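K.L.:
Would you mind keeping the following structure in view while I ask a few things?
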Amino acid sequence: MSASVNILNKVDRFLAGSMKTIIIAVIVMATFTMFLQVISRYVFQVAISGLDELAGHTAVWLYLMGAAYGTYERTHIKADMMHLFVKSPRVLQVIRAAAAAVSVVISCYMTTWAFGYIKWSILKHEVTPTLRLPTVIFQLPILIGAFLMVVYFLREFIDILRRGPQVSPVSEQEG
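So for the sequence shown, our numbering puts the first residue at 33; every next one is plus one.
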């Protein structure tokens, strides 16, 4: 294995570990804030300002890191039913490559949009209504998640092209 491939594998493992850590931390944080909100409101009849805001904004981190991790694991949601209608492995490969290419383009657009959104937010000094936190904290996962999706969709696209036509395991079982 070449040194550059070894470095890329280490970066890949680091990014995957970072995404897992962020996802777990955000789940714990969201669960704690919701639990605290329920206890304070229904047990002590006291509303704690900002907990709903924090839970909602925290969910953005969960959604986008989850989407990026799903793309990394290739467990993202896709409607891959073409193997039921198309029996040619070559045509299936072209369709899968086209779908991956479209995913790369959409993720690139999303990354570009997120970058502009964050830049605008920084220039406007945008803050959340209750806690007065900089909104860039909760907009950053859009950029990070979209960029990671570009990387992993691009990797999927390249892998599809490298693999060559293959028969789907599902279509092999049907035949």
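Backbone N, C-alpha and C define an ideal beta-carbon position, used for all residues, glycine too. Keep in mind the model is a prediction, meaning the values are calculated, not measured.
Is it the case that the Cβ atoms of ALA131 and LYS151 are separated by a distance below 9 Å?
P.N.:
No, they are not a contact pair.
K.L.:
Distance, Cα to Cα, LYS42 vs ARG187?
P.N.:
Whole-angstrom Cα-Cα distance: 15 Å.
K.L.:
Can you give the beta carbon distance from THR143 to LEU116, rounded, assuming they're within the 8 Å contact cut?
P.N.:
With 8 Å as the limit, THR143 and LEU116 do not qualify as a contact, their Cβ atoms being about 33 Å apart.
K.L.:
Could you tell me which of ILE39, ILE55 and VAL136 sits nearest to ILE190, measuring between CA atoms?
P.N.:
It is VAL136 whose Cα lies nearest to the Cα of ILE190.
K.L.:
With a cut-off of 8 Å on the beta carbons, I'd call TYR101 and MET51 a contact; round off their distance for me.
P.N.:
Going by Cβ atoms, the distance from TYR101 to MET51 rounds to 5 Å, so yes, they are a contact pair.
K.L.:
In terms of residues, what are the limits of the alpha helix (DSSP H) holding ILE169?
P.N.:
Note, ILE169: alpha helix (DSSP H), 168-195.
K.L.:
Does the distance from the CB of ILE138 to the CB of MET97 come in under 9 Å?
P.N.:
Taking 9 Å as the Cβ cut-off, ILE138 and MET97 do not qualify as a contacting pair.
K.L.:
Could you pull out every residue in the same chain whose Cβ sits closer than 7 Å to the Cβ of TYR185, ignoring the five residues on either side in sequence?
P.N.:
Sequence inspection shows Phe at residue 185; the Tyr mentioned does not correspond to that position. Only THR103, ALA132, SER135, VAL136 and SER139 meet the Cβ criterion.
K.L.:
Would you call TRP93 buried or exposed, if buried means 16 or more other Cβ atoms sit within 10 Å of its Cβ?
P.N.:
The residue in question, TRP93, is buried, as its Cβ has 16 or more Cβ neighbours within 10 Å.
K.L.:
Would you report the Cα separation of VAL37 and VAL159, rounded to the nearest angstrom?
P.N.:
Their Cα atoms are separated by approximately 42 Å.
K.L.:
Run through DSSP, which three-state label would VAL37 get?
P.N.:
DSSP places VAL37 in helix when its eight states are reduced to three.
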